[in-house]
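In this text, residue positions in the sequence shown follow numbering that gives the first Met the number 0: the first is 0, and each later residue adds one.
Structure first, commentary second.
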Amino acid sequence: MAGMIEVRSLSKTFVTKDARIEALQDINLSIQTGDIYGIIGMSGAGKSTLVRCLNFLERPSAGTVEIEGEDLSSLSERALRAKRREIAMIFQHFNLLMQKNVIDNICFPLDIAGMPKKDARKRAMELLEIVGLTDKAKAYPSQLSGGQKQRVAIARALAANPKILLCDEATSALDPQTTQSILQLLKQINQEYGITIVIITHEMAVVRAICSHVAIIGEGRLVEQGRVLDIFSHPRTAQARELILKGGGGEYPAPENRQKELMKGKCCVRIVFSDNSSFEPVIANMVLKFGQPINILKADTKNVGGIARGEMILSLPDDSDTQKSMMAYLLERGLALEEVDGYVD
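Encoded structure:
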């Protein structure tokens, strides 16, 4: 079934005086109507370039982007501008007009579209009610918190009744609590208005919180894609495993050499508890059965698409036969399991 957004064999090359940069190479995506779709990768992976290609703010060097079956490259400039009104965008740094108050910021795109001022202000107040900021209509951006600024940016993005909302690192400048409130607002907007949302992020926690599907970008290439639940439980690539184990992305300090040395050669496994196994004391029973201690390196419970999922990193005993028996025992009890090489938190 064709999606709301179809990306086929998309590549983007930037040519400068000194270099030729392959920012994106042969990207293929299908995003269905009503999805909340995450695109995640480390800094410099190409994800922000990709989102700008989705509305042709950046024209791909090769390949196509189709919105509801319409190839954006085939449109005239006038038709493309009209199509972009269906594709709203919010950014990390809000991009509000500092000299205008909140209601005028929201009215701005409606004024440009020629809506009568009275109708525009009525629409703006409706949007402020949706984002929970009716009391801030006359405030200026400098008087708002980061979360409030992003809510205004979301209201402004919704002004023209878009079908698609692109979010480029929209929560990266916010603290964790504010991030959660913005993500819940996006989820509410998706559910109540059916808007397809694409979230660009380097944080796996953001994807886990509200996305149904995810694509992982590494060095300009699509390395893995699928349902968030499937990739969280059974990551197939090194990039996916790193994002999951680190809980996000971005830059991390190298672990101490002493820690690396301690874990060198150890058999470490990552297990994910399913709904059925989360109430059974599997690890305690395994220790009793085999009479061998294990080292729990990490234990966590995460919300993946509204489902509680338990995760552990275990260091198993050195004996290879015991390792194999323990892994078989865990698999028999319905746990997702993968080996991780010398895990260090």
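Positions of the beta carbon are idealized from the N, C-alpha and C atoms, including for glycine.
If you pair each beta-carbon of the region 170-180 with each one of the region 106-117, do three or more pairs fall below 8 Å? no
For Pro59, collect the residues of the same chain with a Cβ closer than 7 Å to its Cβ; drop the 5 residues on either side in sequence, then sort them by chain order. So the qualifying residues of the chain are Leu9, Ser10, Lys11, Cys52.
By how many angstroms is the C-alpha of Lys121 removed from the C-alpha of Leu228? So the two alpha carbons sit approximately 41 Å from each other.
DSSP on Lys46, reduced to helix/strand/coil? helix
Who are Ile199's beta bridge partners in DSSP? The partner list for Ile199 (beta bridge, DSSP) reads Ile38, Asp167.
Determine the burial state of Ser13: buried for a count of at least 16 other Cβ atoms within 10 Å of its Cβ, exposed for fewer. Rather than Ser, the amino acid found at residue 13 in this sequence is Phe. Phe13 is exposed by the Cβ-count criterion.
Alpha-carbon spacing of Lys135 relative to Asp103, whole angstroms: 11 Å
Within a Cβ cutoff of 6 Å, which residues of the same chain sit near Thr163, ignoring the five residues on either side of it in sequence? Looking at the sequence itself, residue 163 is Ile, so the reference to Thr does not match. Hits under 6 Å: Ile86, Thr195.
Neighbourhood of Tyr139 by C-beta distance below 6 Å, restricted to the same chain and skipping five residues each side: Counting only Cβ-Cβ distances below 6 Å, and skipping sequence neighbours, we find Asn100.
I need the straight-line Cα distance from Met88 to Gln176, nearest angstrom please. Near 22 Å, if we compare the C-alpha coordinates of Gln176 and Met88.
With 16 other CB atoms within 10 Å as the buried threshold, where does Asp167 fall? Here Asp167 is buried, its C-beta having at least 16 other C-beta atoms within 10 Å.
Measure how close the beta-carbons of Ile198 and Val205 come, nearest whole angstrom, since I'm counting them as under 8 Å. 6 Å
Range of the contiguous alpha helix (DSSP H) that encloses Gln322: Where Gln322 is concerned, the enclosing alpha helix (DSSP H) stretches over 319-331.
Among the candidates Tyr36, Gln31, Gly40, whose CA atom is the shortest distance from the CA of Ala237? Gly40
So is Thr15 buried or exposed if we call it buried at 16+ other beta carbons inside 10 Å? exposed
What does the alpha-carbon distance come out to for the pair Ile209 and Glu310? Note on geometry: alpha-carbon atoms of Ile209 and Glu310 lie some 18 Å from one another.
Contact under 8 Å by Cβ, Val281 with Arg332: yes
Just reading off the alpha helix (DSSP H) that Thr422 is part of, what are its end residues? Given a span of 0 to 344 for the chain in the structure shown, any question on residue 422 remains unanswerable.
Beta-carbon proximity list for Met285, same chain, < 8 Å, skipping 5 on both sides: Ile293, Met325, Tyr328, Leu329
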